[in-house]
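Colleague: Numbering (the working numbering), first residue to last: 0 to 176.
Ideal Cβ placement from N, Cα and C applies to all residues, glycine included.
Right, I'll just put the structure down here and ask away after.
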């Protein structure tokens, strides 16, 4: 365990990447589990010429609407992507795109993928990462979808990171009780 000298997920992931000794970086949220085959999957993707990629999502819930939601993470669309699927990238590519934008509080995963995909092949594994359903349990499915839609639209229109973060905090509850 290392402690980042900076706040913010993007800055913390950059710090972790700077400490890594491998040629491959693999970013995964603390409440997400990759498939047991992740090491083999990533190595195979590298052999096939992919330099970055992600898994699909499977929520740790039997809720049908979350299963429906997870189905769409197999598609290569912005609305189907998020950091929850985990993310691998070669260290060389990571450095060439300048890593995560440390000034970003939201959408940092989408930003780095967009920049890296302009330079390299991108893989979506047809396997699932298990993701916590806590955000959906603390909010309704509709609240989360609405919040995501609003944030993406604000991001596309060039809203500041501070306004994105403030809006997201107002739209969703993260811890009940």
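So what's residue 74 in DSSP terms, helix, strand or just coil?
Modeller: Residue 74: coil per DSSP, three-state reduction.
Colleague: In angstroms, rounded to a whole number, what distance separates the CA positions of residue 130 and residue 55?
Modeller: The straight-line gap from Cα to Cα measures roughly 10 Å.
Colleague: So, at 8 Å on beta carbons, what are the nonlocal neighbours of residue 80 in its own chain, with the 5 sequence-adjacent residues on each side left out?
Modeller: Closer than 8 Å at the Cβ level, and outside the excluded window around residue 80, lie 53, 72, 108, 109, 112.
Colleague: At 4 residues or longer, what runs of the alpha helix (DSSP H) sit wholly inside the segment 7-50?
Modeller: List check, alpha helix (DSSP H) in window: 8-18, 37-46.
Colleague: Going by other Cβ atoms of all chains shown within 10 Å of its Cβ, with 16 needed for buried, is residue 157 buried or exposed?
Modeller: That one is exposed.
Colleague: Looking at residue 92 and residue 118, is the spacing between their C-beta atoms short of 9 Å?
Modeller: The answer is yes: Cβ separation under 9 Å.
Colleague: Which partner residues does residue 143 have in the DSSP bridge list?
Modeller: The partner list for residue 143 (beta bridge, DSSP) is empty, contrary to what the question assumes.
Colleague: Please list, in chain order, all residues of the same chain as residue 45 whose beta carbon is under 8 Å from its beta carbon, the five residues on each side excluded.
Modeller: Taken in chain order, the residues that qualify are 23, 89.
Colleague: For residue 128, name the three-state secondary structure that DSSP assigns.
Modeller: If DSSP states are grouped into helix, strand and coil, residue 128 belongs with the strands.
Colleague: Check each candidate in 169, 116, 155, 153 and name the one with the smallest Cα separation from residue 138.
Modeller: Comparing Cα-Cα distances from residue 138 to each of 169, 116, 155, 153, the minimum goes to 169.
Colleague: Given residue 33, which residues of its chain have a CB within under 7 Å of its CB, disregarding the five upstream and five downstream residues?
Modeller: Same-chain partners within the cutoff: 27, 54, 85, 128.
Colleague: Using a threshold of 9 Å, state whether the C-beta atoms of residue 123 and residue 75 are closer than that.
Modeller: Against a cut-off of 9 Å, the Cβ pair of residue 75 and residue 123 comes out as a contact.
Colleague: Can you look up residue 2 in the DSSP assignment and give me helix, strand or coil?
Modeller: Coil at residue 2, not helix or strand.
Colleague: Starting from residue 56, follow its DSSP beta bridges and name the residues at the other end.
Modeller: Beta-bridge pairing links residue 56 to 128.
Colleague: Give the straight-line distance between the Cα atoms of residue 8 and residue 120, rounded to the nearest whole angstrom.
Modeller: When rounded, the distance between both Cα atoms is 25 Å.
Colleague: Can you have a look at residue 150 and say buried or exposed, based on whether 16 or more other CB atoms are within 10 angstroms of its CB?
Modeller: Its Cβ being crowded by 16 or more others within 10 Å, residue 150 is buried.
Colleague: When you compare only the Cα positions, how much space is there between residue 69 and residue 47?
Modeller: Looking at the two C-alpha atoms, the distance is approximately 26 Å.
Colleague: Quick one: what's got a C-beta closer than 8 Å to residue 64's C-beta in the same chain, skipping five residues either side?
Modeller: Once the five neighbours on either side are set aside, the close Cβ partners of residue 64 are 140.
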